[in-house]
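Per full-length UniProt numbering, residue 1 is the first one in the sequence shown, and the count goes up by one each step. Just so you know, even glycine gets a beta-carbon here, dropped at the ideal spot from N, CA and C.
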Amino acid sequence: ACVFYSTTGHSVGGNSCNGPYSCYDSYTSIGHNSCQGNRACYFMDDAFVSNNACNGDDACSYKKDSVGASSCNGARACESNSGFISRFSCVGIEACQYNEQSVGRNQCVGDYICDALP
């Protein structure tokens, strides 16, 4: 866990990046209690993860924009998502998966909701 090719300007909060390959090759700062699970936050590109976010297997993997607090929690939540996720949003299994739009606060809460499969 927590293997970065570049750590310059990036930080990882307490109790974050727990799980095989979590935060691997991510160029992002990560808040507390975030990115917990197999490949959580895997290969994120120049984004920011707030506290209590991106928890679950593959959560936020390949994510290309920032994630607000308590968002993207669930297996594959926000996977390959390229939009900004506001607080308390995209919570559930595959919530907001492949979605390219930004998601407002308190939106897309539930399993398989707001996903946009290719």
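- In this structure, the straight-line span from the alpha carbon of Ala77 to that of Phe43 is close to 15 Å.
- Under DSSP, Asp45 takes part in a beta bridge, and its partners are Tyr27.
- Non-local C-beta neighbours of Ile113 in its own chain, meaning closer than 7 Å and more than five positions away in sequence, comprise Gly92, Ala95, ordered along the chain.
- The beta carbon of Ser102 sits closer than 6 Å to those of Gly83, Phe84, all from its chain and outside the five residues before and after it, given in chain order.
- For Tyr62 and Phe88, the gap between their C-alpha atoms comes out near 20 Å.
- In this structure, Asn55 and Ala69 do not form a Cβ contact; the two beta carbons are roughly 12 Å apart against a cut-off of 8 Å.
- Per DSSP, Gln101 has no beta bridge partner at all.
- With contacts defined by Cβ atoms closer than 8 Å, Ser11 and Ser22 do not form a contacting pair.
- Ranking Ser66, Ser34, Asp46 by CA distance to the CA of Gly74 puts Ser34 first.
- Across the structure, Tyr98 and Cys60 are spaced so that their CA atoms are roughly 10 Å apart.
- Asp58 and Asn52 have their C-alpha atoms roughly 15 Å apart.
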